[in-house]
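Protein chains in written order, with my numbering: chain B, 1 to 363; chain E, 364 to 726; chain C, 727 to 1089; chain U, 1090 to 1452. The beta carbon of each residue, even a glycine, is placed where N, CA and C say it ideally should be. The structure under discussion appears below in the form of structure tokens.
Number of protein chains: 4
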Amino acid sequence: MKALVYHGPGQKDWERTEDPTIVAPSDAIVRIDSSTICGTDLHILKGDVPEVQPGTVLGHEAVGTIVEVGSAVTTLAEGDRVLVSCITSCGRCRFCKEGHYGLCTGGGGWIFGHLIDGLQAEYARIPFAETSVYKVPENLTDEQVLFLADILPTAYEVGVLNGKVDAGDTVVVVGAGPIGLATVMTAKLYTPAQVVAIDLADARLGRAREFGADITINNGTEDAIAAVFDLTQGLGADVAVEAVGMPETFELCTELVRPGGRVANVGVHGHSATLHLETLWIKDVTITTGLVDTFTTPRLLQLIAGGRLDPTPFATHRFALGETLAAYDTFAAAAETNALKVVLEGEYALRAPRELFETAGVS
Amino acid sequence: MKALVYHGPGQKDWERTEDPTIVAPSDAIVRIDSSTICGTDLHILKGDVPEVQPGTVLGHEAVGTIVEVGSAVTTLAEGDRVLVSCITSCGRCRFCKEGHYGLCTGGGGWIFGHLIDGLQAEYARIPFAETSVYKVPENLTDEQVLFLADILPTAYEVGVLNGKVDAGDTVVVVGAGPIGLATVMTAKLYTPAQVVAIDLADARLGRAREFGADITINNGTEDAIAAVFDLTQGLGADVAVEAVGMPETFELCTELVRPGGRVANVGVHGHSATLHLETLWIKDVTITTGLVDTFTTPRLLQLIAGGRLDPTPFATHRFALGETLAAYDTFAAAAETNALKVVLEGEYALRAPRELFETAGVS
Amino acid sequence: MKALVYHGPGQKDWERTEDPTIVAPSDAIVRIDSSTICGTDLHILKGDVPEVQPGTVLGHEAVGTIVEVGSAVTTLAEGDRVLVSCITSCGRCRFCKEGHYGLCTGGGGWIFGHLIDGLQAEYARIPFAETSVYKVPENLTDEQVLFLADILPTAYEVGVLNGKVDAGDTVVVVGAGPIGLATVMTAKLYTPAQVVAIDLADARLGRAREFGADITINNGTEDAIAAVFDLTQGLGADVAVEAVGMPETFELCTELVRPGGRVANVGVHGHSATLHLETLWIKDVTITTGLVDTFTTPRLLQLIAGGRLDPTPFATHRFALGETLAAYDTFAAAAETNALKVVLEGEYALRAPRELFETAGVS
Amino acid sequence: MKALVYHGPGQKDWERTEDPTIVAPSDAIVRIDSSTICGTDLHILKGDVPEVQPGTVLGHEAVGTIVEVGSAVTTLAEGDRVLVSCITSCGRCRFCKEGHYGLCTGGGGWIFGHLIDGLQAEYARIPFAETSVYKVPENLTDEQVLFLADILPTAYEVGVLNGKVDAGDTVVVVGAGPIGLATVMTAKLYTPAQVVAIDLADARLGRAREFGADITINNGTEDAIAAVFDLTQGLGADVAVEAVGMPETFELCTELVRPGGRVANVGVHGHSATLHLETLWIKDVTITTGLVDTFTTPRLLQLIAGGRLDPTPFATHRFALGETLAAYDTFAAAAETNALKVVLEGEYALRAPRELFETAGVS
């Protein structure tokens, strides 16, 4: 088969590699129908994730079709169309039994395109298949569910649910990249009174309004703290979600939040932040961090199937799977291309009728 | 002043009665700007609530303006426009301190038009005023907030919150009268995958669809249980809300609910029901009952102010306060008049511009 | 091997039967070291559980040692000493992924001695072994952990956790049989202000005091409702746990509970009860039902290992595994023998030193 | 009357000052029967709390007797024996209505000995009396309840409840001063598997063992992180409570906690800490801060009345109220005197019989 193989910092190729095979009785082999690229893949290519070995196939998000199952697999069969999530669950360890698949100590967690070969490929081996993939309802296209592989449950679980967003809240989302936009989108499931997006780029703030933000603040040109206090009668936000991954944006969240409020960190951080305990100790705040567990995937699938949630606007660009290198270029240059998510379509990708996309204004 | 006075079962009049005066330092006197009639008022008139003494002014829902405050009142002042809620809170007893104002043991709870003179009147005395009324944001009309006095928080707290409605759920509401419709409306704040309304009257089911129900079932002509199981792949509803107050509808809820699901009783019951523990003991169900506490009133006000919730469609008919007797006739004949809530407008009622109402199709 | 085989209502024998073998790759075969008898086994023998087929080996509680594992099993090995719980979890279905193993729709749930051969035997086949057994810490004897197979997690999850027992509460346990005593024992983990046990038999009430009840009420001779109201300044119990399984005791719980309180049903019911909604609708009560999920087994093992919980007083009688018929006689005649749990000891049962038992006053 | 008056940094005296009088209708005047000194009082005397004006009477913890009530007070009367808590609640603001009295925006919160005259005095004026004091059950001595005025609810709410201590947990308390000891004591209400106390002083660690710590670690001489990981099979603590108020101890907590665990900050901080988001972002931790709300005071009173909680061991020294200056000396020299809490006894203090104290080994 062919796949996107990592060859050390800065080096990758779409090349021929060995077909995956069943290794453990709980494995399945999946033909990748649609895949996509994550900001984390760019981090890996920069060398920021040194545990990724050269020779590894990248990618941890896909919709595919099962072509073979191991001898212990009874609830999945050849031909099943499945979502393959960024998180794999052994199903047996303490954390998996608690629904904390992201903390799996039994060989799962984030492994695709990280510790084992990933999903930007024609085929992939899926360990612990029965506890790690989700059957896709028949009437849904690949693009309707593809972003449930990472970005939607990450924003929803680590941002919205950890932040305990509730009806009537003021929710501030700091960072309007894809994960921030997914936070805006899933926060609105709970009908906050107002969702405020903060970013340095007006283009991204425009997107945030399209995704449902009620108010946007460019904190390069405006005083974001003053603005949020104005919007909340001087109280501060009920929930502040960090969706960037920098010390400054985290600290901004802790300043924006009201007494008794919640700060939910979603961003991936490379540096420590300053926690102003001299003012926060008395403020009754709750700060959470987390990797996605994907325990909400069934719920999100229900919402999509019921027409309550539509992640397809994240698909800004499409490429054939064989054009993955070009897709990386487009995605890496998001500032110019305005890419949110680039879809890699295999031969059998289940697409919506073309006119549907045109209506939606997607290229 | 004039007020609607109860004179024993079947007897009432709009008549002259004594002006209310400050009795305790924590009292306030409110001029009633808008009031409304509740199904409970009809029950009282039937004699079903024997603790209501002849001579009592009825009514427990109003928007008004403070005209006088007791010596201990510091956070309210003459001229403040306030929502007067069906529940009064002493603010001091164990239950009030826990937010369970409906269970107040300090002299509050449901007292208006019940144990003391009520709000279908030109003026009313409000005990424990500072912990029992809510200032109305300036830009909101009386009708936008009037139904926060009872029906909205009742449906929301006792139905939606007790039932733990969550994103992606299937929520069944049994009964599509005003309280059932308010349950449909507030359930949607949490983006359930589908809201199913069940009733015996097609007219009410039509209303339910207008208020947001996705599916309606006439359980006089259809098998409601079979229909709900069909809609949920044989599992049953995540949440079933009883909004009628009869044994049959309660029992229907316990049959409709899935294993691990919740039954939230909102209906006012006069008779016991059969609880089929021989099937329910193993089903992991949670059944809740409750009187409204109104602790969510500030949150609901935020949602209205933010444009997220619009209770004005409940206002199907309007009368001058002096026409309260006619309003009772219209409300009591809801089956013919299709009345949901009738608004009693005092001289100073803050109304929306007339054309706004006409657009909304309200008479 | 030999096992206790059910031959239809009233008929059972300890007899030779076929050795279990690995059927699915996720199976394990366990040598039973210690087992015990449950009240449910007596119900089966009365014919109350018609889905149990003649020829089935009974029993659903054991400590044993793994002697063989299927090809997909990687986290268990021959020689591992394990607790085999009454509930089996497929690990893959929606309910198992939510920790609701008791509701498993993937072939698990309560199956031992019910839908497949059980654990009152020399050997047993354990389906879904990796998600259904718990390794026993080395230093613990069989009897220290045996009752975690059913009675302790049932009382703890369905009674104490569903009832949300908290520090300072008044907890009433109706029924002082083994499951009621286990409720008393595990309620005390949360330091309620007082635990009240109610039963018709003074002998059982004496036991309840030994297990930690602060106050006991014989509701054959005393007015239990009046007594509980006396103990709670007229308010009622914060939590009432039904641990009998009869309509009368359930209804008693709903009368004993305070406004805002919780009724947790643990009893297995064969008949419906009357739910007095005409008084309960306004009382803000929460009623829960449930089958055990055993999700708390790891936590309970921690508590035993840490010396915080000692279930060994439940072991009132001991028999060799080959004497299971005699053990049934003793257990069935609990009213005379005062049996709580009878331990069936295989040849390799890990016992505490004899003097330890004598100190504890166990025969 | 006489009282302990603050005269600016380093200066205080026990001196004659004006008797307090009723100012607002919701006030009460209380005769102080027993009071005590808090670490915060020492901070004030160092000048660390500049909003305290010279001339202010210090102290925010007392048991007393009501001698006069304002005209709006109906649930308290002359002669009532009450606990006066460090937190005052207006009962009307949004935060008070949510039980967050510590965040009161209506004139309450921490005001005694801070913004108004405090409780190290013969008499004190209590604003919002009905929502701010708690009647003391008749059979309890002053010392049994005095520490509910601050230290017990602070440790319980901000440490134990925010940290969600549950049965079977490993709880690490960093800091074994009075607040750390109160955390150990109240954590045990929930039967953690093990409570680990960490401090630099062996004397304090000895106290921690007396108060219920199972394991103590001197982090001046031992590697606390390694020790905690050893105690938890390499996982880390379920809950880490910061009870010191320094950056180092806070950071230690974030290192000790397991993935998915909770860090509850109780310490009062004067400096910011470093938050190692580069490792914490993926660790699913929850960090909480908070000032006490005292909403658990009724529950703690129940536990004391029921014999489940005994705070009297905190009373290490006793002085007559007139000897408050000497009491300050003893308390400030805790390193030498081993003082935990010094009790200031007024003429009418309700004491236990003398022999009771002697048995308890209290001087």
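Quick one: measure Cβ to Cβ for U/Gly1266 and U/Ala1332, integer angstroms, because I've assumed they're closer than 8 Å. Right, the Cβ-Cβ distance comes to about 7 Å (below 8 Å), so this counts as a contact.
At 8 Å on the CB atoms, spell out the chain C contacts of E/Leu466, in chain order. Under the 8 Å cutoff, chain C gives Pro985, Gly986, Asp1010.
Neighbourhood of E/Gly433 by C-beta, 7 Å cutoff - its chain only, sequence neighbours within 5 removed: Only Ile385, Ala387, Pro388, Ser389, Asp390, Ala391 meet the Cβ criterion.
Limits of the beta strand (DSSP E) - the one that B/Ile319 falls within: Rather than Ile, the amino acid found at residue 319 of chain B in this sequence is Phe. Boundaries of the beta strand (DSSP E) around B/Phe319: 315-320.
Taking all protein chains shown into account, do 16 or more other C-beta atoms lie within 10 angstroms of the C-beta of E/Pro417, making it buried, or fewer, making it exposed? Classification for E/Pro417: exposed.
Under the three-state reduction of DSSP, which class applies to E/Pro622: helix, strand or coil? DSSP places E/Pro622 in strand when its eight states are reduced to three.
Cβ closer than 9 Å: which chain E residues qualify as neighbours of U/Arg1164? Rather than Arg, the amino acid found at residue 1164 of chain U in this sequence is Thr. Cys453, Arg455, Cys456, Gly469, listed in chain order.
In chain U, which residues lie less than 7 Å from B/Val268 when you measure between Cβ atoms? Going along chain U in sequence order, the residues near B/Val268 (Cβ under 7 Å) are Trp1370.
Excluding the 5 residues preceding and the 5 following U/Ala1449 in the sequence, name in chain order all residues of the same chain whose CB lies nearer than 8 Å to its CB. With a pLDDT of 40 at U/Ala1449, under the threshold of 50, the modelled position of this residue cannot be trusted, and the question is left open.
Chain E within 9 Å of C/Ile792, Cβ atoms only: False, the Cβ-Cβ gap to chain E never drops below 9 Å.
Whether E/Val537 touches E/Gly575 by CB criterion (9 Å): No, they are not a contact pair.
So is U/Glu1211 buried or exposed if we call it buried at 16+ other beta carbons inside 10 Å? Buried is the call here.
For C/Gln920, write down the residues that DSSP places opposite it in a beta bridge. Per the DSSP secondary-structure output, C/Gln920 pairs in a beta bridge with C/Thr896.
Please name the residue in E/Val655, E/Arg671, E/Leu643, E/Leu703 whose C-alpha comes closest to that of E/Leu466. Each of E/Val655, E/Arg671, E/Leu643, E/Leu703 was checked against the Cα of E/Leu466, and the nearest Cα belongs to E/Val655.
Would you grab the beta carbon distance between E/Leu666 and B/Ala167 for me? Rounded to a whole angstrom, and I think it's under 8 Å. Contact holds; Cβ gap of about 6 Å.
For C/Gln870 and C/Ala850, what's the separation of their Cα atoms in angstroms? The straight-line gap from Cα to Cα measures roughly 21 Å.
Is it the case that the Cβ atoms of B/Trp281 and U/Gly1356 are separated by a distance below 9 Å? Against a cut-off of 9 Å, the Cβ pair of U/Gly1356 and B/Trp281 comes out as a contact.
Quick check on E/Arg662: does DSSP put it in helix, strand or coil? Residue state for E/Arg662 is assigned as helix, using DSSP reduced to three classes.
Our contact map puts E/Ile650 next to C/Ile924 with C-beta atoms below 8 Å; I'd like the distance itself, whole angstroms only. In this structure E/Ile650 does not touch C/Ile924 by the C-beta definition: roughly 22 Å separates them, more than the 8 Å allowed.
Residue span of the alpha helix (DSSP H) that contains E/Thr399, given as start and end: Here E/Thr399 belongs to no alpha helix (DSSP H); instead the beta strand (DSSP E) covers 391-399.
Just how far apart, CA to CA, sit B/Glu347 and B/Thr56? As the crow flies, the alpha-carbon of B/Glu347 is around 23 Å from that of B/Thr56.
E/Arg379 in three-state terms, based on DSSP: Note: E/Arg379 maps to strand in three-state DSSP.
Can you have a look at E/Gln483 and say buried or exposed, based on whether 16 or more other CB atoms are within 10 angstroms of its CB? Buried is the label assigned to E/Gln483, since at least 16 other Cβ atoms lie within 10 Å of its Cβ.
Given a threshold of 16 other Cβ atoms within 10 Å of its Cβ, counted over all protein chains shown, does B/Gly109 qualify as buried or as exposed? Result: buried.
What residues from chain C crowd round U/Leu1278, counting only those whose CB sits closer than 8 Å? Here the neighbours are Ala893, Tyr916, Thr917.
Using the beta-carbon count (16 or more within 10 Å), is C/His995 buried or exposed? Around the CB of C/His995, 16 or more other CB atoms lie within 10 Å, so the residue is classed as buried.
Assuming C/Thr1020 and C/Pro879 form a contact by the criterion Cβ under 8 Å, report the distance between their Cβ atoms to the nearest whole angstrom. Cβ atoms of C/Thr1020 and C/Pro879 come within 8 Å of each other, at about 5 Å.
List the residues of chain U whose Cβ lies closer than 8 Å to the Cβ of E/Ala435, in chain order. Residues of chain U whose Cβ lies closer than 8 Å to the Cβ of E/Ala435 are, in chain order, Ala1113, Pro1114, Ser1115, Gly1159, Ser1160, Ala1161.
Alpha carbons only, please: which of C/Ala729, C/Leu931, C/Thr1063 is nearest the one belonging to C/Asp739? Selected option, being the one with the closest Cα: C/Ala729.
Which same chain residues, not among the five before or five after B/Glu262, have their C-beta less than 8 Å away from its C-beta? The question names Glu, but residue 262 of chain B in the sequence shown is Arg. Excluding sequence neighbours, B/Arg262 sits near Asn162, Gly163, Lys164, Asp238, Val239, Ala240, Val285, Thr286, Ile287, Thr288.
E/Lys704 - containing beta strand (DSSP E), residue span: Going by DSSP, E/Lys704 is part of the beta strand (DSSP E) stretching over 704-708.
Starting from the C-beta of E/Thr687, find all residues in its chain whose C-beta is less than 6 Å away, skip the five residues before and the five after it, and write them out in chain order. Hits under 6 Å: Leu367, Trp377, Gln483, Leu707.
Can you find a CB in chain U that lies within less than 9 Å of the CB of E/Trp377? Not an interface residue.
Of the choices B/Ser89, B/Ile87, B/Ile116, B/Met1, whose alpha-carbon is the least far from that of B/Glu51? The shortest C-alpha to C-alpha distance from B/Glu51 to any of B/Ser89, B/Ile87, B/Ile116, B/Met1 is the one to B/Ile116.
Does B/Thr289 come within less than 9 Å of chain U when only Cβ atoms are used? The Cβ of B/Thr289 sits closer than 9 Å to at least one Cβ of chain U.
Tell me, please, whether the CB atom of B/Phe311 is closer than 9 Å to any CB atom in chain E? A quick correction: the sequence has Pro, not Phe, at residue 311 of chain B. In terms of beta-carbon proximity, B/Pro311 stays away from the interface with chain E, with every pair separated by 9 Å or more.
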